[in-house]
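Asker:
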Amino acid sequence: MAPERIMFIRHAEKPTASEGIGIEADGKADDESLAVRGWQRAGALARFFCPIHETHSARLTPATVFAPGNGPASKSKRAMQTVAPLVALLQETSQVNYVTAHLKDDGQALMRDVLAQPGVVLIAWEHKVLPSLIGHVPGAPAVPATWPEDRFDMVWILDRVPGGWSFSQLPQLLLAGDIAGPIS
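Take the sequence shown: its position 81, counting from 1, is numbered 79 in the working numbering, and each next residue is one higher.
#1: Which residues bound the alpha helix (DSSP H) around G184?
#2: Quick one: grab the DSSP three-state call for R8.
#3: Could you tell me if D148 is buried or exposed, where buried requires 16 or more neighbouring beta carbons within 10 angstroms of its beta carbon?
#4: P60 to V81, Cα distance in whole Å?
#5: Looking at the strands, I want to know which residues DSSP matches up with Q167.
#6: Under 8 Å: do the region 26 to 46 and the region 164 to 182 share three or more Cβ pairs, one atom per stretch?
#7: Select from S92, T98 and E90 the residue whose C-alpha is nearest the C-alpha of M73.
#8: Let me make sure I understand the geometry here. Which of R8, D111 and E2 has the alpha-carbon closest to that of V153?
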């Protein structure tokens, strides 16, 4: 078994001077959680990846979702919070495999697990690590070397093709200020 498509997103907006404090789902302040705008993106991503119109869902709706678990090197909850609304929506309508067993810097083991999954896979991870994850995919195409600090609005997609993978970028265009242009 191997996935036909692997999608990569960065966790949603984090606390900064411009985005404000991080908050948990219950509203409690927490520096390791999403900012309010991040929670807005997380909610919008649920319908982005699980659209109401069935014709769009076949290539976007994941059968498996990965987010890093918490560990000594990272206490961040942001990636898990980013996919929480999507996972909840998918659990209402279908089976979804939700995996948080890998830590943020465990790229090789993560990608070994990803490559064993069928169908469409979504990975929500820290932006600094995303390009290196793709390097663990045999036959992976070239991708941008870095994911910019200020881009929360893009989906990187690897599609299986004969002899390897193709790479494309899909702008989310979910919130005001999202950019349609690719990451270069």
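In this text, a Cβ means the ideal position worked out from N, Cα and C, and glycines have one as well.
All figures in this text were calculated on a predicted structure; none of them were measured in a lab.
Answerer: According to the structure shown:
#1: Because the chain in this structure spans residues -1 to 182, residue 184 falls outside the shown range and cannot be described.
#2: strand
#3: exposed
#4: 11 Å
#5: W154
#6: yes
#7: It is Lys, not Met, that sits at residue 73 in the sequence shown. Nearest of S92, T98 and E90 to K73, Cα basis: T98.
#8: R8
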